[in-house]
Each structure stands twice: as C-alpha cells, then as structure tokens.
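A short worksheet on the structure shown next.
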Amino acid sequence: MEAQLGTKKDRAQSLDQDINRLRQQLDILKKHLMNEPSAEILHEFDARTEDLLADALGSSSPLLDTYDYAQMGEAAGLMNLTDEAPEGTSSQSQRETIRQRHRVLESAIADLEARRASLAKETRNRKTTGPRVIDFMAGTVRAISLDATLREAGQSLKKWKIGSLLVQSGDEYIGSISETELTSEVVASGTDALTTTVKTCMREPLVTIETSETILEAVRLMKEQGTRHLAVTESGRIVGVVSVSDVLRYYSGVV
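Residues in the sequence shown are numbered from 447 upward in steps of one, following my numbering.
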C-alpha cells in the first residue's frame, strides 16, 4: 500500500492558483457591472465561481452560502415579501447583486491570502528551528499483511530495498517489522520463515512522529523507543516513514 504526501511547496502553489483564479473572476465581475450581462451569462459565471469557491475553501465553507445570498440580493427579498418588484429596480438590483458577489469574492481571496501567509510563516519558522521530519522522510508507505509469512516480509524488504515494513490489518496500520526482528526470529531463534506469520514477531504498537517535529526529536524518540524507524503522521494519518538512514542523510549533508 502506498500513500503520497503533498509538500508545503505544493500547497503554496495550489493556494496561489486558487487566488489567481478568483482574481480572474473579479475582473469579469467588473466588466459585468458596466455591460449588464444576460441572466444566462450570470448563471454560467455563478456556476463557475461556486465550483472555484468549493475547490479552494471546501464545500462546507460558509462563504458558499454567502455567495448564494449575494446572487439573490435585496430585490429578491423584497419580492418574497410583496410578490412584486418595485418599478425600475431591475437594472439597479442586478448591479447590486454583482457588487455583493464582488464583496464575497474579495472575502474569499483575503481568506486564501491569509492561509498563504500562514504557510509562509511556518516555512520561515521551520528554517529557524531546524529541519523537520517532513523534509527527510520517505513519503511512500510500504506495508505487509499481519498474516503474511516472514519469508514474504523478507522478500518485500529486499524488493523495495528498505529496512522496515508497516504491518497492516484491513485498512489500519497496527505495528511494524524490520530486518532486526527478522534476523532475531529466523537466524538467531531458528523460526521457520515459510510458516511463521508476521504477527508473531512484529513490533506493536506503532511508534509515530508528526511531520512538523524536528529531526532532533526523531533521533530522541528512536533512542527512547529502541527503534530505527518511525511512522510519520499528519493530523493523525500515516503519510510516510523516517529512518536512521534518513537522519544520517541529513547529518552527512550538514558535514
């Protein structure tokens, strides 16, 4: 099983793209204020904008509801009360709803720009407090079933040229098995690798560390837990693995 993690650089680029797309929608709205577009053109514009807002802010963002209200405007509210729009308000009403749409888009852009600034601040803080686990971890998760044999585990380690595997039960990671456990069980203890399953010698529970932690914290945790590999999590979800080899790669670069 493999899981990929987008880097902070990817997220920053995605935010920049969303901001640029919404700015383009703002430019179109400015033209609509002058040209009095047809209902069909406005409908197409609104559908496109709602898709962009949902993609950029999430489908549960309250700004989506706000945008819906902006499309109705005050005249729609007045019609609901009187069943009749005031004479001569059609053109004015349309311009007002366009202005309201404009304000919602400006709020959405401000929200995204705040996220972008926060991400940039995190990047600056990371540089001043030391390298983070996310910068040196392997972003591909390699796993094996707890019912697989030790021989299969050894073959997987050799195939992928790695030192450990996460052990999987259904969709959940419950432990790990490394070259150390295999050597201890098969070579030192004489266990039959063809019939013995991974669950008999795996390490559990899984030792984890967050992507935002420093390399120094990873070293401390490895020493404390007596392991050479840590599962890396982000918001509680496993997104990679960091090993002693990754730590040494950092320090060899420093030297």
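Just so you know, even glycine gets a beta-carbon here, dropped at the ideal spot from N, CA and C.
Please list, in chain order, all residues of the same chain as residue i whose beta carbon is under 7 Å from its beta carbon, the five residues on each side excluded.
i, result
"residue 628", "596, 599, 600"
"residue 703", "The chain is shown only over 447 to 701; residue 703 falls outside these bounds and no answer can be derived."
In chain order, what residues of the same chain lie with their CB nearer than 8 Å to the CB of residue i, ignoring the 5 residues before and after it?
i, result
"residue 426", "With the chain running from 447 to 701 in the structure shown, residue 426 is simply not present."
"residue 655", "579, 663, 664, 667, 676, 677, 678, 679, 688"
"residue 643", "592, 593, 594, 595, 596"
"residue 636", "none"
Going along the chain, which residues of its own chain have a beta-carbon closer than 6 Å to the beta-carbon of residue i, five neighbours each way excluded?
i, result
"residue 582", "692, 696"
If you reduce the DSSP assignment to three classes, tell me which class residue i lands in.
i, result
"residue 578", "strand"
"residue 512", "helix"
"residue 653", "coil"
"residue 644", "helix"
"residue 553", "helix"
"residue 683", "strand"
"residue 608", "coil"
"residue 591", "strand"
"residue 507", "coil"
"residue 542", "helix"
Counting C-beta neighbours from all protein chains within 10 Å, is the total for residue i 16 or more, i.e. buried, or is it exposed?
i, result
"residue 515", "exposed"
"residue 489", "exposed"
"residue 633", "exposed"
"residue 543", "buried"
Going straight from the alpha carbon of residue i to that of residue j, what length do you get?
i, j, result
"residue 510", "residue 498", "10 Å"
"residue 652", "residue 685", "13 Å"
"residue 682", "residue 618", "12 Å"
"residue 568", "residue 547", "32 Å"
"residue 517", "residue 658", "41 Å"
Given the structure, does residue i come close to the ligand HEM, in the sense that its CB is under 8 Å from one of the ligand's heavy atoms?
i, result
"residue 478", "Because no ligand of any kind appears in the structure shown, any question about the ligand HEM cannot be addressed here."
How do the segment 473 to 482 and the segment 555 to 565 stand: do at least 3 beta-carbon pairs fall below 8 Å, yes or no?
no
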